[in-house]
Structure formats: C-alpha cells, structure tokens
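Number of protein chains: 2
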Amino acid sequence: MLTELEQRILDAIKLHISQQGRSPTLVEIGRAVGVASKGTLHRYVQGLIDKGQLVRNHAGWRGLQLVEEEIDDESGSLPLLGQIAAGLPIEAIPGHDKFNLANFFMGPDRFILKVVGDSMVDAGILDGDMVVIRHAQQAYSGEIVVALIDGEEATLKRLKYMNDGRVKLIPENSTMQPFVYAAQRVRIQGVLVGQMRSYL
Amino acid sequence: MLTELEQRILDAIKLHISQQGRSPTLVEIGRAVGVASKGTLHRYVQGLIDKGQLVRNHAGWRGLQLVEEEIDDESGSLPLLGQIAAGLPIEAIPGHDKFNLANFFMGPDRFILKVVGDSMVDAGILDGDMVVIRHAQQAYSGEIVVALIDGEEATLKRLKYMNDGRVKLIPENSTMQPFVYAAQRVRIQGVLVGQMRSYL
DNA sequence: TTGAAAGTTCTCCAAAAGTTCTCTATATTG
DNA sequence: CAATATAGAGAACTTTTGGAGAACTTTCAA
C-alpha cells in the first residue's frame, strides 16, 4: 500500500516517462509534486523501489524504469476477424486472430462506472455506457478523468491545465460549457482507460 | 451483530475505500459519521476489527482493509463502483459490486471487428473502436448491422426496411447520406451487440 | 579534464495519524 | 435501583508521514 505522496511521485514518474520517453531526475519529480528537497525525493523513490513499484537500470542519471505487469489469460477471447470500413470488404488484420476481452481492459487499480447523462456524447461516451477507470491522483492535460469538485461532486470530464494554474473541466457536448476551477478545488480520482457498450 | 454506530462507521469506511481507493483516517471517518473524538472512533474501529468486520494491514496510516467475503469467481472481473453523473457524487448501484468483462460481451457466434472510418460517430462508434458482432442473416429494422453489398463491400450501418421492399443503410453521421438498395443486393452478415474502446 | 548537474546519505523537524487513557451521559434491563 | 451497554469528548502520548537541507559522491558533456 502506498502513501499519498508515494502514489503521487509514482504517478509523476509514469507521466514523465510516457511524455518524455525517459525517466525524470529527482528535481523534475520534485517540481511535479511540489517538493523542494532532493533528499526527501530520493528517500521516496528508494521506497518505491523497495516496494517493487520501480526498478533502477544502473545506467547513471534518469535510470528509473517502470515494472510492467502483464496479465496472462486465455479465457474471455473472441475471434478478431479484421477491420471493417465503409465500402470495402472485411480486411484481415495480420498477426491477430484472437482478441482477449479481459486483457483489453484489465489492469491494476481499475474499476468500472456506469455513465449517467449526456455530457460526453461528442467523445463517443453515451448515457448508459460503462467506463473503465484507473485510480490515479494525476493526469495529463487532455485526458478524460473522474474529478471530484470541492470533495462533493464527482464528474467525468476532459481535463485541461490552464496557464494560470487553474483547471478546466470540459464536457464533450457542444451544448454544455466548460468550467474552470482553482486547482485545489479539483481532486482527480481516476483516469478513463476504456469504454464499452452493450446493444442487447 | 453490530450496533447502529458501528454499522454507520463500517459503511463510511467502505464508501471511502471504493471512492478514494484507500482507507480513510479516523478524522475522515469522524467527519462522515459526525463524531469529533479520535479516541471514540478508534474504539469503534478496533471493535469492528475484533468482530472480524475489518482487518488492519499494518501499513501505517490508512491501513484498514475490508474483509473479502468471497473468493473471486473468475478472472476478468473488475469492481463495479456505481454510477457517475455530472454534478453528483458517485452513487452506488445496490446489489452490484463485481462486473464481469467477459460475460458482458461473450456469447455464441460472436466475433470482433475493428472500425475504420467515421460513418457511425453519431452513434458513439468512433474510428478505431472494436465492435462485437453476432453472426446473423436477419436483423430487425433499426439495428446496426454488418451488411455486404453486392457480395463485395462490407459496411457497418443502421438498417431500415422500407415499405417498397428495399433496404436503407443509414450512416450515423450527419455529413453522410443514407443509401437505398434492392433487398437482394444486401446480405446481412451480423448484428452489432457490443462496442468497446481503449484510451491507452 | 573539469565543473555543473545528478544522485546519495545523513540529520533535524513538524504536522498528521494512531493509541491509550479518563471522564461523562443516556438509555436499557434484570 | 444498580448494572450494563452504548455513545461521545478530549488530553496525553507514540508513530508515521512529509519536508528541508547540508555534505558528500558519481555521472556526463563541454
């Protein structure tokens, strides 16, 4: 179990690696999470390594690597036939013939919510859809997140960080307006990683 | 048997864990149930642990864990937390706490296609989405189907039977026009039963 | 080769959280 | 009425977490 700061530091490292393609320095982590002391940061990073959340590749600077956990499963597969486009025959996707439903959505720290309302229809998320959320305290600008406003209202919106430090929550619906909040009023509870819908 | 306050405290802990992904502090529990004294709260939490309703994971703060009632049936399940609507807290769905991804889409005679193109965006089916299709030769008017035109072109469209016996294939995209075909030119290959999208 | 940047190892500190007490009050029950 | 269970406040304490920074070593590029 990670403490809040450990989680935020891990999120910041993941964010940096996927954005920049290399691991951040201690000072860069510190800027992301608001900690000034290299020593403190080193203590936390070492703690994450000890807990198995990170590994060090001994390559000098920026030597942090994520541990990727793979999910192995064979149940829950359907044949993946190929691609379908308007006006063309179904085209096979080379190298893929089985599609594992579980792998598509399963992962650590995930949960499912049922969407109520039309605020994200322009992003293809309709009333009644199921969304898969990964627990997270941090998110990129532009991601769709579950955000808690003033500790009371939870909402699914696209997140944008503004230059003045505030946070914009954008409904993907042309009839609705974005809202802008002071950063401390918005707490991110999770990031959208998947969506599904049944037509039965 | 739990007293009223014990039950309320247990409920508050469960709610907090499922919403925030980690156990609450004593003070947070206190705010939720309206008790100011840490000591009192500790007494009750300890009582719940003694009664086997909770376990402590000895991880320092926020170290409370729920007791797993049943062993997880199948892989491919994620917790179904509840509903999310704009401007409201996450609302629990009574009686549902596990969501089986496989069950949601699995069924006989089904296969998966990857969608290419924007012809169904208004129905919430975007370029790159995966759709689950059930093999079928017939479909109801109004269903979304994979249709083969003249034995050559496959396409995903909404199906309408017209009064004159012809068939209308409607793209759910306001910039595109429906096409009408003689019934014998259109062969239905399958009916849309599900759709999913990954944001990773 | 050399110096700035990055990482490591410490010590110290403060706030937050948990723990252990005692004290009080209000029902309920034998 | 006395005994008991429940509900609550809060003081005093310990532990955990979060944070700063000095002093040091290592890495890497100019």
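Line by line, the protein sequences are chains A and B.
For the first sequence, position 156 (counting from the first letter as 1) is numbered 144 according to this note's numbering, and the numbering increases by one without interruption.
For the second sequence, position 181 (counting from the first letter as 1) is numbered 169 according to this note's numbering, and the numbering increases by one without interruption.
Using N, Cα and C, we set each Cβ at its ideal position, and we do this for glycine too.
As the structure is a prediction and not an experimental result, all values here were calculated from the model.
Neighbouring residues, chain A, relative to residue i (Cβ below 7 Å)
i: glycine 18 of chain B; result: Chain A residues near glycine 18 of chain B: none, gap ~15 Å exceeds 7 Å.
i: leucine 144 of chain B; result: Ile72
Cross-strand partners of residue i (DSSP beta bridge)
i: arginine 175 of chain A; result: A/Leu136
i: glycine 123 of chain B; result: For the record, residue 123 of chain B in the displayed sequence is histidine; it is not glycine. In the DSSP output, where bridge partners are listed per residue, histidine 123 of chain B has B/Gly178.
i: lysine 2 of chain A; result: Paired residues: none, contrary to the question.
i: lysine 148 of chain B; result: B/Lys156
i: leucine 52 of chain A; result: A/Arg44
i: serine 186 of chain A; result: B/Gly182
Helix, strand or coil at residue i [DSSP, three-state]
i: asparagine 91 of chain B; result: helix
i: threonine 189 of chain B; result: In the structure as shown, chain B begins at -11 and stops at 188. Residue 189 of chain B is therefore absent and cannot be evaluated.
i: aspartate 61 of chain A; result: Only weak support is given to the placement of aspartate 61 of chain A: the predicted model assigns it a pLDDT of 47, under 50, and the value that follows is read from those uncertain coordinates. Coil at aspartate 61 of chain A, not helix or strand.
i: glutamine 165 of chain B; result: coil
i: valine 109 of chain A; result: helix
i: aspartate 117 of chain A; result: coil
i: leucine 101 of chain A; result: strand
i: valine 21 of chain B; result: helix
i: arginine -4 of chain B; result: helix
i: glutamate 16 of chain A; result: helix
i: leucine 36 of chain B; result: helix
Min CB distance residue i to chain B below 7 Å
i: serine 186 of chain A; result: yes
i: leucine 114 of chain A; result: yes
i: lysine 102 of chain A; result: yes
i: isoleucine 37 of chain A; result: no
i: isoleucine 72 of chain A; result: yes
i: isoleucine -3 of chain A; result: no
i: histidine 123 of chain A; result: yes
Interface residues of chain B facing residue i [CB-CB closer than 8 Å]
i: aspartate 97 of chain A; result: Gly9
i: isoleucine 132 of chain A; result: Tyr187
i: valine 109 of chain A; result: Gly112
Chain-ordered chain A contacts of residue i [CB-CB under 9 Å]
i: valine 181 of chain B; result: Ser186, Tyr187 and Leu188
i: asparagine 45 of chain B; result: Met(-11)
7 Å Cβ cutoff, residue i in contact with chain A
i: leucine 52 of chain B; result: no
i: isoleucine 5 of chain B; result: no
i: valine 15 of chain B; result: no
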